[in-house]
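K.L.:
The structure follows.
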Amino acid sequence: MGLSNSMWTAISGLTSHSESMSVIGNNLANANTLGFKSGTVHFEDMFYSQLSTASGFDQVGHGSRVSTIYTNYTQGPHEASSESTHVALGGKGMFVVTNKTSGSTYYTRAGNFTFNQNGYLTDPNGYVVQGWKAADGSSDGKVTTVGSLKDIRLESYQSPPKATEKVRFASNLDKNSDDNSVDPTNPFFSLFTNWDGTAETPLGDDRYAYQTTIKVYDEGGTAHDLTVYFDPVDAASMAADPNGKRVFEYVVTCDPAQDGRTLADGTQLNTTSSAGMLMTGTITFDGSGNMVGMNAFTLDSAATGATVSALSSWVPAELSDNGMPTLTANFTGQPNASFTTDADALPIEIDFGLSDKTNVGWNIPAGVTSAANVGTDFTLLPNYDTPDRSATAFTSYDESSTSTVQTQDGYAPGFLQDISVNDDGVVSGQYSNGQIIDLFVLAVADFDNYQGLKQEGGNLFSETTESGMARTGTANVGGRGDIASATLEQSNVDMSTEMVRLITIQRGFQANGKVITTTDTLMGEVINLKRS
1 MGLSNSMWTA ISGLTSHSES MSVIGNNLAN ANTLGFKSGT VHFEDMFYSQ
51 LSTASGFDQV GHGSRVSTIY TNYTQGPHEA SSESTHVALG GKGMFVVTNK
101 TSGSTYYTRA GNFTFNQNGY LTDPNGYVVQ GWKAADGSSD GKVTTVGSLK
151 DIRLESYQSP PKATEKVRFA SNLDKNSDDN SVDPTNPFFS LFTNWDGTAE
201 TPLGDDRYAY QTTIKVYDEG GTAHDLTVYF DPVDAASMAA DPNGKRVFEY
251 VVTCDPAQDG RTLADGTQLN TTSSAGMLMT GTITFDGSGN MVGMNAFTLD
301 SAATGATVSA LSSWVPAELS DNGMPTLTAN FTGQPNASFT TDADALPIEI
351 DFGLSDKTNV GWNIPAGVTS AANVGTDFTL LPNYDTPDRS ATAFTSYDES
401 STSTVQTQDG YAPGFLQDIS VNDDGVVSGQ YSNGQIIDLF VLAVADFDNY
451 QGLKQEGGNL FSETTESGMA RTGTANVGGR GDIASATLEQ SNVDMSTEMV
501 RLITIQRGFQ ANGKVITTTD TLMGEVINLK RS
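And the structure:
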């Protein structure tokens with residue numbers, strides 16, 4: 001072994017320490033880079049020479065070299081952002097992006113995504129974020145990951161309208177209300193017989209005790225008023241004693257001019273006195289004011305212009321799957337031109353708080369086929385065989401009539417106003433019509449060996465044979481972390497640690513340099529031996 005070996009050994013130390021300085025410098029340079037993962041150089045000793053000594057064989061090392069550059073994939077600190085599409089992963093995983101030009105797929109922890117002018121959700125490199133599309137109309141915050149990954153792209157900034165299918169009312173009807181609409185022959189349907197859809201005012205203000213109106217929507221998203229009128233039925237007008245029960249009659253109506261139904265003989269219903277009449281029936285309360293019964297009648301599909309205004313053309317209403325009466329309103333301008341002939345016409349469920357618990361249909365007394373068969377007999381009113389009353393059903397207390405619940409499930413078209421992302425990575429749109437619609441779910445990739453990933457620059461990684469194939473799925477599943485919206489993951493570089501490493505590497509570099517200068521001095525002494 002000669003002095004030159006010690007010099008080459010020191011040079012290897014300088015080289016390995018220089019590499020470490022480069023890594024530390026890169027860490028510090030990226031101390032504020034989104035999603036950056038710091039690196040740490042690990043050294044290893046080099047091969048050894050054997051020496052023959054008195055004790056046998058010993059070994060002398062020949063320096064050091066870089067063994068591995070370990071990437072620290074631990075989560076960096078999160079910082080709030082004003083952009084809802086800025087997202088950060090908490091825990092394991094990486095977002096998936098694709099270069100549309102090359103078709104290459106990359107992975108990143110930097111979630112500073114934005115929608116570009118073409119509607120694609122992209123990273124700063126212009127690479128498109130990947131995920132899965134939600135089912136149309138989904139709003140439960142859960143999206144299934146069926147099929148291959150797709151580009152996340154907003155193809156429409158509008159929420160389509162939805163026709164009303166369910167209407168819910170709940171009111172208190174003053175038990176002391178006077179009977180305003182009187183028909184001695186048909187006391188339970190006097191509101192119906194007093195209605196004139198051809199008049200400027202179809203039902204005068206002095207003909208009912210209370211009315212409530214709610215807006216509903218047709219298929220095109222146009223709003224229409226649905227008005228329900230209520231009036232008590234005087235017990236003295238009934239042929240049978242109601243046994244302490246109190247009965248209110250009601251009619252569900254729309255603007256006669258907007259009634260686009262066509263009768264079986266081709267007559268336009270809005271030219272008849274029944275224009276705007278959609279449903280008629282009664283509600284029964286016990287002595288405590290609790291709702292205990294109801295019925296509903298709607299227009300028979302066989303009705304003609306000559307019979308439409310007769311109670312004989314109004315038959316027990318069809319019940320929905322929820323056991324509630326339904327009506328079919330065909331507002332002017334709807335695609336379904338006839339309520340009797342269009343199989344695609346959607347009925348509207350009317351929920352007063354009472355439903356058919358057993359779903360067996362109305363309990364209809366013998367001989368009653370229409371409202372005309374009831375007459376003045378309270379016992380001939382159809383009812384539910386086993387009614388199920390909700391906590392928000394109609395009541396009839398000694399208080400002023402008032403509406404407590406009015407809801408319906410239709411809406412007008414809406415325009416996208418905001419985007420939100422939940423912790424499962426579901427991207428939802430918030431629209432001007434109040435709808436929140438799930439659009440996509442972000443894909444999150446996990447790997448068996450993160451150390452095997454290749455760093456591509458631009459905050460991007462790519463898979464290799466050493467990393468294994470990416471396992472893509474959604475956040476919060478399969479060990480993948482959750483997602484925070486309006487948040488960005490910062491670099492995980494610990495500057496204090498890097499400064500300590502910097503000092504350590506500097507001292508190591510100096511020491512190896514000292515070995516070279518010392519060796520040089522010794523070699524000079526050897527050369528000078530000849531001169532002396």
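With full-length UniProt numbering, you'll find the sequence shown wraps up at 532, consecutive numbering, no jumps.
For glycine and all other residues, C-beta sits at the position ideal for the given N, C-alpha and C.
Sort 449, 483, 488 and 477 by Cα distance to residue 470 and report the nearest one.
P.N.:
449
K.L.:
How about residue 151 and residue 120: do their beta carbons lie closer than 8 angstroms?
P.N.:
yes
K.L.:
For residue 166, list the residues DSSP reports as bridge partners.
P.N.:
Residue pairing by DSSP puts residue 166 in a beta bridge opposite 349.
K.L.:
Which value, in whole angstroms, describes the spacing of the CA atoms of residue 271 and residue 134?
P.N.:
45 angstroms
K.L.:
Quick one: what does DSSP say residue 19 is sitting in, helix, strand or coil?
P.N.:
helix
K.L.:
Please determine, among 439, 400 and 172, the residue with the shortest C-alpha to C-alpha distance to residue 421.
P.N.:
439
K.L.:
Rounding to the nearest angstrom, what Cα-Cα distance links residue 505 and residue 17 in this structure?
P.N.:
6 angstroms
K.L.:
Between residue 147 and the rest of its own chain, which residues show a CB-CB distance below 8 angstroms, the 5 nearest in sequence each way excluded?
P.N.:
132
K.L.:
On the CB-based measure, 16 or more other CB atoms within 10 Å of its CB, does residue 224 come out buried or exposed?
P.N.:
buried
K.L.:
So for residue 507, helix, strand or coil by DSSP?
P.N.:
helix
K.L.:
If I measure Cβ to Cβ from residue 423 and keep anything under 6 angstroms in the same chain, skipping five residues before and after, which residues do I get?
P.N.:
482 and 483
K.L.:
Where does residue 207 fall in DSSP's three states?
P.N.:
helix
K.L.:
To the nearest angstrom, report how far apart residue 338 and residue 265 are at their CA atoms.
P.N.:
Model confidence at residue 338 stands at a pLDDT of 45, short of 50, so the residue's coordinates are unreliable and nothing is read from them.
K.L.:
Residue 70: which of 408, 41, 252 and 207 sits nearest, CA to CA?
P.N.:
41
K.L.:
Can you name, in chain order, every residue of its own chain whose Cβ lies under 8 angstroms from the Cβ of residue 333, other than the five neighbours on each side?
P.N.:
Low confidence applies to residue 333: its pLDDT is 46, below 50, so where it sits in the model is not reliable, and the reading given next is rough at best. Correct list, in chain order: 218, 220, 222 and 260.
K.L.:
Could you please give the first and the last residue of the uninterrupted alpha helix (DSSP H) stretch that includes residue 64?
P.N.:
Segment 64-71 is the beta strand (DSSP E) holding residue 64; no alpha helix (DSSP H) there.
K.L.:
Assuming residue 251 contacts residue 277 (C-beta within less than 8 angstroms), just tell me the rounded distance between them.
P.N.:
Contact holds; Cβ gap of about 6 angstroms.
K.L.:
Using the three-state DSSP reduction, which class does residue 8 fall into: helix, strand or coil?
P.N.:
Three-state DSSP puts residue 8 in a helix.
K.L.:
Looking at the secondary structure, which residues open and close the alpha helix (DSSP H) in which residue 193 lies?
P.N.:
190-194
K.L.:
When we look at the beta-carbon of residue 124 and count the other beta-carbons within 10 Å, is it buried (16 or more) or exposed?
P.N.:
exposed
K.L.:
Can you tell which of 500, 216 and 371 has the C-alpha that lies nearest to the C-alpha of residue 297?
P.N.:
Among 500, 216 and 371, the Cα nearest to that of residue 297 belongs to 371.
K.L.:
Residues in its own chain within less than 7 angstroms of residue 291 by CB, not counting five upstream and five downstream?
P.N.:
283, 285, 353, 354, 389, 393, 394 and 395
K.L.:
Within 10 angstroms of its Cβ, does residue 436 collect 16 or more other Cβ (buried), or is it exposed?
P.N.:
exposed
K.L.:
Which of the three DSSP states, helix, strand or coil, is assigned to residue 472?
P.N.:
strand
K.L.:
Residues in the same chain with beta-carbon distance under 6 angstroms from residue 478, minus the five sequence neighbours each way, listed in chain order, please.
P.N.:
The answer is none, since no qualifying residue turns up.
K.L.:
Under the rule that 16 or more other beta-carbon atoms within 10 Å means buried, what is residue 454, buried or exposed?
P.N.:
exposed
K.L.:
Thinking C-alpha only, which one of 467, 429 and 398 is nearest residue 174?
P.N.:
398
K.L.:
Please list the terminal residues of the continuous beta strand (DSSP E) segment that includes residue 222.
P.N.:
That residue, residue 222, is in no beta strand (DSSP E); it is neither H nor E in DSSP.
K.L.:
When DSSP labels each residue in this structure, what does residue 14 get in the three-state scheme?
P.N.:
helix
K.L.:
In the DSSP assignment, what residue or residues form a beta bridge with residue 154?
P.N.:
Answer is none; residue 154 lacks a bridge partner.
K.L.:
Among the candidates 26, 31, 64 and 32, whose CA atom is the shortest distance from the CA of residue 508?
P.N.:
The residue from 26, 31, 64 and 32 with its alpha-carbon nearest to that of residue 508 is 64.
K.L.:
Considering just the uninterrupted stretch of the beta strand (DSSP E) at residue 372, what are its terminal residues?
P.N.:
No beta strand (DSSP E) holds residue 372; DSSP gives it neither H nor E.
K.L.:
So the beta strand (DSSP E) residue 489 belongs to, where does it begin and stop?
P.N.:
487-489
K.L.:
Can you say whether residue 100 is buried or exposed, counting buried as having 16 or more other CB atoms within 10 angstroms of its CB?
P.N.:
exposed
K.L.:
Taking the Cβ atom as the reference point for each residue, do residue 493 and residue 112 lie within a distance shorter than 8 angstroms?
P.N.:
no
K.L.:
Using the beta-carbon count (16 or more within 10 Å), is residue 528 buried or exposed?
P.N.:
exposed
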